[in-house]
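Student: The following block contains the structure, expressed as structure tokens.
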Amino acid sequence: MQAVQFAGHGGTEVVEYGEVPDPEVGRGEVLVDVKAGALNHLDVWTRRGMPQLDLDMPHVPGSDAAGVVTETGADVTRFEAGDRVAVSAGVFCGDCEFCRDGDYPLCASFHVLGEHVPGVHSEYAAVPEDNLVAVPEGVAWETAAAAPLVFQTAWRMLHTRADVEAGEKVLVLGASGGVGHAAVQIAAHAGTEVYATASSPEKLRYAEEVGADHAIDYTETDFADEIRARTGKRGVDVVVDHVGEATWSDSLRSLAKGGRLVTCGATSGGRPETHVQRLFWNQLSVLGSTMATPGEADDALSLVWDGTFDVQIRDVLPMSETARAHERLENREGFGKVVVIPDSERQW
Ligand SMILES: [Zn+2]
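Numbering-wise, full-length UniProt numbering puts 136 at position 136 of the sequence shown, and it's gapless, one number per residue.
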């Protein structure tokens with residue numbers, strides 16, 4: 001079968017599309033005929049290589065995909081051939097101390113499809129049954145592929161980690177990105193007053209369309225100053241940050257006393273300076289979050305499937321142009337999710 005792959009880490013030039021052996025379906029696995037996949041910033045990090053990431057090469061990337069079940073392993077009970085499914089990429093063991101408490105994203109051996117083990121950007125993918133969610137008829141493949149990772153991540157950040165309440169003020173950074181556009185919608189749906197930052201009038205308009213009450217162009221103004229000005233110097237209760245180094249101190253500066261900063265990423269770098277006096281004097285909390293439990297994923301995705309949440313698709317490309325998809329993400333061209341589709345699925 002054809003798959004996106006790279007034989008070594010590096011720039012976008014390492015990304016290829018070509019033959020790999022057909023997947024073998026394990027007892028607890030489901031073979032999915034992939035109709036669409038979606039990129040995340042994680043795909044860029046995995047391509048570039050990270051410390052402690054030791055992959056078998058060539059590596060097939062991709063953490064988000066959706067398609068049709070064509071075959072099931074002997075132990076599979078929840079799915080049968082013909083079912084429409086989407087991939088939820090977090091893999092957990094089920095019996096470590098954290099899993100036994102239901103805290104699956106804390107699993108001692110937690111890993112992510114496409115990041116630590118082969119991913120799903122291929123014509124077919126063998127996926128553990130626990131990593132699939134049902135997709136109702138009528139949901140477009142692009143939507144089903146693009147939603148799972150970012151919507152479950154943003155859901156856990158806001159509801160489980162930051163525990164947002166209606167009436168609170170929430171600032172979402174980079175509101176036009178994958179996690180950002182999910183976070184704006186989830187925060188608005190939770191009844192909070194949403195402040196969103198983005199880098200162009202078009203992206204700001206989109207943030208407002210999907211629920212932001214206040215949109216701030218961070219290229220025009222210092223967002224922390226702007227937050228303080230717009231909240232009567234009070235600040236916001238929660239900041240959703242996936243940017244890291246470039247925004248960290250301003251995120252902390254945007255918080256009200258007792259505020260919470262919740263982070264799931266560090267696309268601009270991972271070693272920011274922290275003003276410790278601000279942390280203790282204002283009694284701030286810094287909360288890490290990654291992926292979500294299957295229950296959290298179900299809660300978030302049910303609101304995607306029923307149309308409550310909008311999944312913004314910036315581009316649909318054939319999988320053979322995945323290198324171009326990486327460029328779109330790295331250059332922050334456009335906004336929303338980049339979807340890739342196996343070349344054989346369509347006339348291009
Ligand atoms: Zn575990």
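Built from N, CA and C at the ideal position, the CB exists for glycine as well.
As the structure is a computational prediction, the values presented were derived from the model and not from experiment.
(1) Measuring from the CB of C264, is there a heavy atom of ligand 1 at a distance below 7 Å?
(2) Can you grab the Cα-Cα spacing for the pair E202 / V240, in whole Å?
(3) Can you list the beta strand (DSSP E) stretches of 3 or more residues lying completely in the segment 116 to 178, in chain order?
(4) Is it buried or exposed, Q5, if we count other Cβ atoms within 10 angstroms and call 16 or more buried?
(5) Please list the terminal residues of the continuous beta strand (DSSP E) segment that includes Y218.
(6) Just the C-alpha distance for C99 and H111, rounded to the nearest angstrom, thanks.
(7) From what residue to what residue does the beta strand (DSSP E) around G37 run?
(8) For F280, which of K257, R161, V34, G265 has the nearest alpha-carbon?
(9) Which stretch, first to last residue, makes up the beta strand (DSSP E) that contains R314?
(10) How many Å lie between K169 and Q152 at the Cα?
(11) How would you call K233, buried or exposed, if buried means at least 16 neighbouring beta carbons within 10 angstroms?
(12) Report yes or no: do the segment 282 to 298 and the segment 172 to 183 share at least 3 C-beta pairs separated by less than 8 Å?
(13) Please tell me whether A144 and A66 are closer than 8 Å, where the distance is taken between their beta carbons.
(14) With respect to the beta strand (DSSP E) encompassing T263, which residues constitute its N-terminal and C-terminal limits?
(15) Contact between the segment 205 to 221 and the segment 254 to 274: three or more CB pairs below 8 Å?
(16) Alpha carbon to alpha carbon, how far is T46 from D250? Give it in angstroms, no decimals.
(17) So if DSSP puts Q2 in a beta bridge, which residue, or which two residues, is it bridged to?
(18) To the nearest angstrom, report how far apart P58 and S289 are at their CA atoms.
(19) Please list the segments of the alpha helix (DSSP H) lying wholly inside the UniProt domain "Cyclic nucleotide-binding" (288 to 348), counting only runs of 4 or more residues, in order along the chain.
(20) Looking only at its chain, what residues have a beta carbon closer than 7 Å to the beta carbon of I227, apart from the 5 residues adjacent to it on each side?
(21) Please confirm whether any heavy atom of ligand 1 lies closer than 7 Å to the CB of F92.
(22) Mapping the DSSP letters down to three states, classify S200 as helix, strand or coil.
(23) Candidates L158, A198, G259: which alpha carbon is nearest A187's?
(24) DSSP state of residue 349, grouped into three classes?
(25) Please determine, among D54, T197, V85, the residue with the shortest C-alpha to C-alpha distance to L301.
(26) Quick check: does the Cβ of F309 come within less than 7 Å of any heavy atom belonging to ligand 1?
(27) Pick from T274, G18, G8, V87: whose alpha carbon is nearest that of Q2?
(28) Apply the 10 Å Cβ neighbour rule to D54 and answer buried if 16 or more other Cβ atoms are within range, or exposed otherwise.
(29) Could you give the residue range of the alpha helix (DSSP H) that holds A224?
(30) Within the chosen definition, does the segment 88 to 97 reach the segment 126 to 140 through at least 3 CB pairs nearer than 8 Å?
(31) State the start and end residues of the unbroken beta strand (DSSP E) segment that holds V69.
(32) Which whole-angstrom value is the C-beta distance of V30 and V127, which I expect to be below 8 Å?
(33) Is L279 helix, strand or coil by DSSP?
Tutor: Reading off the structure:
(1) Within the sequence shown, numbered from 1, the residue matching residue 264 stands at position 264. No.
(2) Within the sequence shown, numbered from 1, the residue matching residue 202 stands at position 202. Within the sequence shown, numbered from 1, the residue matching residue 240 stands at position 240. It is roughly 21 Å from the alpha-carbon of E202 to the alpha-carbon of V240.
(3) The DSSP assignment places 124 to 128, 132 to 134, 169 to 172 as complete runs of the beta strand (DSSP E) inside the segment 116 to 178, in order along the chain (cut-off: 3 residues).
(4) In the sequence shown, counting from the first residue as 1, residue 5 sits at position 5. Here Q5 is buried: its Cβ has 16 or more other Cβ atoms, across all protein chains shown, within 10 Å.
(5) As a position in the sequence shown, residue 218 is number 218, starting the count at 1. Counting along the chain, no beta strand (DSSP E) covers Y218, and no H or E run does either.
(6) Working through the sequence shown from its first residue, we reach residue 99 at position 99. Working through the sequence shown from its first residue, we reach residue 111 at position 111. If you draw a straight line from the Cα of C99 to the Cα of H111, it comes to about 13 Å.
(7) One-based indexing of the sequence shown puts residue 37 at position 37. First-last of the beta strand (DSSP E) with G37: 29 to 38.
(8) Residue 280 sits at position 280 when you count from the first residue of the sequence shown. F280 has its Cα closest to that of K257, out of K257, R161, V34, G265.
(9) As a working mapping, residue 314 is identified with position 314 in the sequence shown. Per DSSP, R314 belongs to the beta strand (DSSP E) from 313 to 318.
(10) Taking the first residue of the sequence shown as position 1, residue 169 is located at position 169. Taking the first residue of the sequence shown as position 1, residue 152 is located at position 152. Near 21 Å, if we compare the C-alpha coordinates of Q152 and K169.
(11) Locating residue 233 in the sequence shown gives position 233, counting from the first residue. Result: exposed.
(12) Output reads no: the segment 172 to 183 does not touch the segment 282 to 298.
(13) Position 144 of the sequence shown, counted from the start, is the residue given in the question as residue 144. Position 66 of the sequence shown, counted from the start, is the residue given in the question as residue 66. The Cβ atoms of A144 and A66 sit closer than 8 Å to each other.
(14) If you number the sequence shown from 1, residue 263 lands on position 263. In the DSSP assignment, T263 falls within the unbroken beta strand (DSSP E) covering 255 to 263.
(15) No: the two stretches stay apart, fewer than three of their Cβ pairs being nearer than 8 Å.
(16) Counting from one through the sequence shown, the residue named residue 250 turns up at place 250. Counting from one through the sequence shown, the residue named residue 46 turns up at place 46. Between the alpha carbons of D250 and T46 lies a gap of roughly 28 Å.
(17) In the sequence shown, counting from the first residue as 1, residue 2 sits at position 2. Q2 pairs with E19.
(18) Numbered from 1 along the sequence shown, position 58 holds the residue referred to as residue 58. Numbered from 1 along the sequence shown, position 289 holds the residue referred to as residue 289. If you take the alpha carbons of P58 and S289, they lie about 30 Å apart.
(19) Counting whole runs of 4 or more residues, the UniProt domain "Cyclic nucleotide-binding" (288 to 348) contains the alpha helix (DSSP H) stretches 294 to 305, 322 to 330.
(20) In the sequence shown, the residue the question calls residue 227 occupies position 227. So the qualifying residues of the chain are L171, Y195, G235, V236, S254.
(21) Here residue 92 refers to the residue found at position 92 when the sequence shown is read from its first residue. Distances from the CB of F92 to the heavy atoms of ligand 1 include at least one below 7 Å.
(22) Position 200 of the sequence shown holds residue 200. Shown here, S200 sits in coil according to DSSP, grouped into three states, outside any helix or strand.
(23) If you number the sequence shown from 1, residue 187 lands on position 187. Looking from the CA of A187, the closest CA among L158, A198, G259 belongs to L158.
(24) Here the chain has residues from 1 to 348 only, and residue 349 is not among them.
(25) Numbered from 1 along the sequence shown, position 301 holds the residue referred to as residue 301. L301 has its Cα closest to that of V85, out of D54, T197, V85.
(26) Here residue 309 refers to the residue found at position 309 of the sequence shown. No - ligand 1 has no heavy atom lying nearer than 7 Å to the Cβ of F309.
(27) Residue mapping note: residue 2 aligns to position 2 of the sequence shown, counting from 1. Answer by Cα proximity: G18.
(28) Position 54 of the sequence shown, counted from the start, is the residue given in the question as residue 54. Its Cβ having fewer than 16 others within 10 Å, D54 is exposed.
(29) By one-based count along the sequence shown, residue 224 stands at place 224. Element bounds for A224: 223 to 230.
(30) They touch, by the three-pair rule.
(31) On the sequence shown, residue 69 is found 69 positions in, with the first residue counted as 1. 64 to 72 is the extent of the beta strand (DSSP E) around V69.
(32) Numbered from its first residue, the sequence shown carries residue 30 at position 30. Numbered from its first residue, the sequence shown carries residue 127 at position 127. V30 to V127, Cβ: 6 Å. Contact.
(33) As a working note, residue 279 is residue 279 in the sequence shown. L279 falls in the helix class under three-state DSSP.
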